[in-house]
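Written out below as C-alpha cells is the structure these notes cover.
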Amino acid sequence: MQAVILVGGEGTRLRPLTYALPKPMAPLLGRPFIGWIIERLRIAGVDDVILSCCYLPEAIESHFGDGRSHGVRLHYVHEEQPLGTAGAIKNAVDHIDGTIFVCNGDILTGVDLRALLTSHRRNNAVATIHTRPVDDPSQFGVVETDADGRVRRFVEKPKPGETSARDINAGTYVLEPEAIEAIPSGRPVSIERETYPLLIDSTHRVFAVSTDDYWIDVGRPDTYRQAHRDILDGRYAHPVGVELAPGIWSADGAPLPRDVSARAPLYLGAGASIGAGVTLEPYSVIYDGGTIGEGATIGDAILWPGCSVGEHGVVRGAILGLDVAVEPKAAVPASSVLGRGERVTAAR
Numbered sequence: 001m002q003a004v005i006l007v008g009g010e011g012t013r014l015r016p017l018t019y020a021l022p023k024p025m026a027p028l029l030g031r032p033f034i035g036w037i038i039e040r041l042r043i044a045g046v047d048d049v050i051l052s053c054c055y056l057p058e059a060i061e062s063h064f065g066d067g068r069s070h071g072v073r074l075h076y077v078h079e080e081q082p083l084g085t086a087g088a089i090k091n092a093v094d095h096i097d098g099t100i101f102v103c104n105g106d107i108l109t110g111v112d113l114r115a116l117l118t119s120h121r122r123n124n125a126v127a128t129i130h131t132r133p134v135d136d137p138s139q140f141g142v143v144e145t146d147a148d149g150r151v152r153r154f155v156e157k158p159k160p161g162e163t164s165a166r167d168i169n170a171g172t173y174v175l176e177p178e179a180i181e182a183i184p185s186g187r188p189v190s191i192e193r194e195t196y197p198l199l200i201d202s203t204h205r206v207f208a209v210s211t212d213d214y215w216i217d218v219g220r221p222d223t224y225r226q227a228h229r230d231i232l233d234g235r236y237a238h239p240v241g242v243e244l245a246p247g248i249w250s251a252d253g254a255p256l257p258r259d260v261s262a263r264a265p266l267y268l269g270a271g272a273s274i275g276a277g278v279t280l281e282p283y284s285v286i287y288d289g290g291t292i293g294e295g296a297t298i299g300d301a302i303l304w305p306g307c308s309v310g311e312h313g314v315v316r317g318a319i320l321g322l323d324v325a326v327e328p329k330a331a332v333p334a335s336s337v338l339g340r341g342e343r344v345t346a347a348r
C-alpha cells in the first residue's frame, strides 16, 4: 500500500519558526511532526510513502533518507512552484501504483486508516474523504453527504444558514487511479474546489467517512502547543523516549538532577542540561541540546534544539525556535514565538 504526504507548504502560520526549519520537521516529542504521520501509515500497512515537497526539502531528506530506518520506503517529489493539494498529488503520479492514501502534512489524527480503506472498498468509491463533526464549521470546508455517506457537495467556509452539515474535510483521503487521472498536469489544482466537485458530478462515487477520532491542525503556534499538551496527556500517543517518573519523559533516559523541581507532564530532549535549582513546571518541553541555567524557570513552554536560558531566566507560555538565547535574569513574554538565533535580554 502506498501513501502521499503533502508537505509542500511554507508554514507561514508558524513563522518565524519555519524560516529555519520546514513545518514537517517541527519537533514533536521525539519525532519530527511528519514522523508521527509516517509511523501511523506504517502501522496501517503502508510500506511505500511519497513526500510531495516544495519548501526546504533538503531538511526532510537529510533526516529521513530512504525511509528504511523508519520502516518504509520513501520517495521525494519536488514542486518547482506550489501546485495545490491535487496538483501535488498529480506531480507524484510516476511513483503511484494503485490505490493510495493521501495525508495533509498539517494534520495529526488518530483515524483508523484500515477502517477507512475498508469502507472505501465496500462502497466501490473513486475517492473517500475522512470527515469529522465540529460545532462551528464556518472556518472550514464542509462536506455534505446523503444518508449512505455519498458526497453531495462541498461548502467552503459556509455562512449562517448556508448548510446544516457539520462535518468538515479532515485532510485524509483514499484515492483510486481514476481520481488521479482526473487531475490536470502542470498547474496548481485544489482537490477541494476542483477535483472533488468534478468527481462528484462525473462518477457519483465520492464518499465520506465521519469519525470523532483525535484530530488537530498543527499549523499555528497555539495548535502546535496544543498537540504537545495532548501527547503529554496521552490523548493521542505517548512521547518517544523513557518515562523517568509518571509523566516525566526523557529522550535519552538521562535522569534529572536531584535538586531540580519538576512537575509532570514534561519532556527533555537528548543531551539537555538542567542546572541546579531549576523549576520545570507542567508542559515544559526542552529539546535536544538545550541548556537551562541555575535557578531558571520553564513552564508550559517549548524550547527547540540548541536553546539556552541563563541563570534565573524565566520562560513561560512561549515557543523558542532553534538556538534562541535567553540572558541571565531575562524573562520571555508569554505567547512569544521567537525565530532562530534570537536573543532575549534582561531588563535594565
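For the sequence shown, our numbering gives the first residue as 1, with consecutive numbering after it.
For every residue, glycine included, the Cβ atom is placed at its ideal position computed from N, Cα and C.
Opening and closing residue of the alpha helix (DSSP H) in which residue i lies
i	result
ALA227	221 to 232
THR203	196 to 203
GLU181	177 to 181
PHE33	33 to 43
Expected contact under 8 Å - CB spacing of residue i and residue j to nearest Å
i	j	result
HIS70	HIS95	The pair is not a contact, with the Cβ atoms about 17 Å apart (cut-off 8 Å).
ILE107	GLY8	No, ILE107 and GLY8 are not in contact; Cβ-Cβ is about 14 Å, not under 8 Å.
ILE183	GLY110	Contact doesn't hold; Cβ gap of about 28 Å is too wide.
SER185	PRO158	Their Cβ separation, rounded to whole angstroms, is 31 Å, which puts SER185 and PRO158 out of contact at 8 Å.
VAL206	VAL285	Going by Cβ atoms, the distance from VAL206 to VAL285 rounds to 40 Å, so no, they are not a contact pair.
PRO82	PRO188	6 Å
ALA296	VAL314	7 Å
Cutoff 6 Å; reference residue i; Cβ partners in own chain excluding five residues on either side
i	result
PRO32	MET25
HIS204	none
GLU294	GLY275, ALA276, GLY277, GLU311
GLY219	ARG13, ASP106
LEU29	ILE231, PRO239, TYR267
THR291	SER273, SER308
GLU327	GLY310, THR345, ALA346
TRP215	THR109, ARG132, ALA170
ASP167	THR131, PRO133, VAL143, SER210
ILE200	VAL151, VAL206
GLU10	TYR55
ARG15	none
ASN123	PHE207
Start-to-end residues for the beta strand (DSSP E) that takes in residue i
i	result
VAL284	Looking at the sequence itself, residue 284 is Ser, so the reference to Val does not match. Where SER284 is concerned, the enclosing beta strand (DSSP E) stretches over 284 to 286.
TRP215	215 to 217
ILE191	No beta strand (DSSP E) holds ILE191; DSSP gives it neither H nor E.
GLN2	2 to 7
THR128	127 to 133
PHE207	206 to 210
GLY141	141 to 145
VAL315	314 to 316
ARG152	151 to 156
GLU243	242 to 245
Close Cβ partners of residue i (< 7 Å) along its chain, the five nearest in sequence each way excluded
i	result
ALA262	ILE248, LEU256, LEU280
VAL38	Residue identity differs from the one stated: residue 38 is Ile in this sequence, not Val. Hits under 7 Å: VAL49, HIS70, VAL72.
ASP323	GLY306, CYS307, ARG340, GLY341
TRP304	PRO27, TYR287, LEU320, GLY321, LEU322
8 Å Cβ cutoff, residue i in contact with chain D
i	result
LEU232	Annotation note: the requested chain D is absent from the structure, which comprises a single protein chain.
Residues near residue i in its chain [Cβ-Cβ closer than 8 Å; skip 5 each side]
i	result
PRO177	ILE96, GLY98, THR99
ALA59	LEU21, PRO22, MET25
LEU353	In the structure displayed, the chain extends from 1 to 348; residue 353 sits before or after that span and is not available.
- Task: Within the region 45 to 118, note down every full beta strand (DSSP E) run reaching 3 residues or more, in order along the chain.
- Result: Whole beta strand (DSSP E) segments, 3+ residues: 48 to 53, 73 to 78, 100 to 104, 107 to 109.
- Would you call the region 47 to 59 and the region 113 to 129 touching, i.e. three or more CB-CB distances under 8 Å? The region 47 to 59, when compared against the region 113 to 129, does not touch it at the 8 Å Cβ threshold.
- Counting Cβ pairs closer than 8 Å, one from the region 232 to 251 and one from the region 146 to 157, do we hit at least three? Fewer than three Cβ pairs drawn from the region 232 to 251 and the region 146 to 157 lie within less than 8 Å of each other, which leaves the two stretches out of contact.
- Counting only runs of 3+ residues fully inside the region 250 to 306, write out the beta strand (DSSP E) ranges in chain order. With a minimum length of 3 residues, the continuous beta strand (DSSP E) runs that stay inside the region 250 to 306 are 266 to 268, 284 to 286, 297 to 299.
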